[in-house]
Each structure stands twice: as structure tokens, then as C-alpha cells.
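Scroll down for the structure; my scribbles are underneath it.
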Amino acid sequence: MKRKVGYAVVGLGVGMRHADAAAKSENANLIAVCDLKQEKLDKIKEKYPETLTYTDFDEML
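Residue numbers (my numbering): 3 to 63.
What follows is the structure, encoded as C-alpha cells:
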């Protein structure tokens, strides 16, 4: 059985594309995202409610 790769994305500018790709992939799980802007985190939480969101990189790690 194949194992999925867990992804975390830092920065939701271009990183939003990476987050979307990870969330839609059969081989990956989008685990967490980090951005300084709460409104970007709110948007991704609407799309992927199970994804953990952080404004602090160290806390995410």
C-alpha cells in the first residue's frame, strides 16, 4: 500500500497553488499552512476545513 506524503505550505501567495495541488493529489495530504495574513488563512480554511492554519512558522513546526 502506498503512503501519502504530508505537506505543509508556508506563504499563501504562490503557495496557494501548492496547497491546492497537495489537497487534490491522491499521493499527498495537505496538513498545514502558514501565512502572516489571517484573511488568507480564513480562505484556505473554507476550502480545506481539515487543514491546520498558523500565523507563526515556529508554532507550525
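Idealized CB from N, CA, C, for every residue including glycine.
These figures come from a predicted structure and were not determined experimentally.
Exposed unless 16 or more other CB atoms sit within 10 angstroms - verdict on residue i
i          : result
residue 63 : exposed
residue 43 : buried
residue 14 : buried
Inter-residue CB distance, residue i and residue j (contact presumed, cutoff 8 Å)
i          : j          : result
residue 46 : residue 57 : Rounded, the Cβ-Cβ distance is 12 Å, inconsistent with contact.
residue 36 : residue 16 : 14 Å between Cβ atoms; not a contact.
Per-residue DSSP class, three states only, for residue i
i          : result
residue 54 : strand
residue 63 : coil
Opposing strand residues paired with residue i [DSSP bridges]
i          : result
residue 30 : 7
residue 35 : 11, 55
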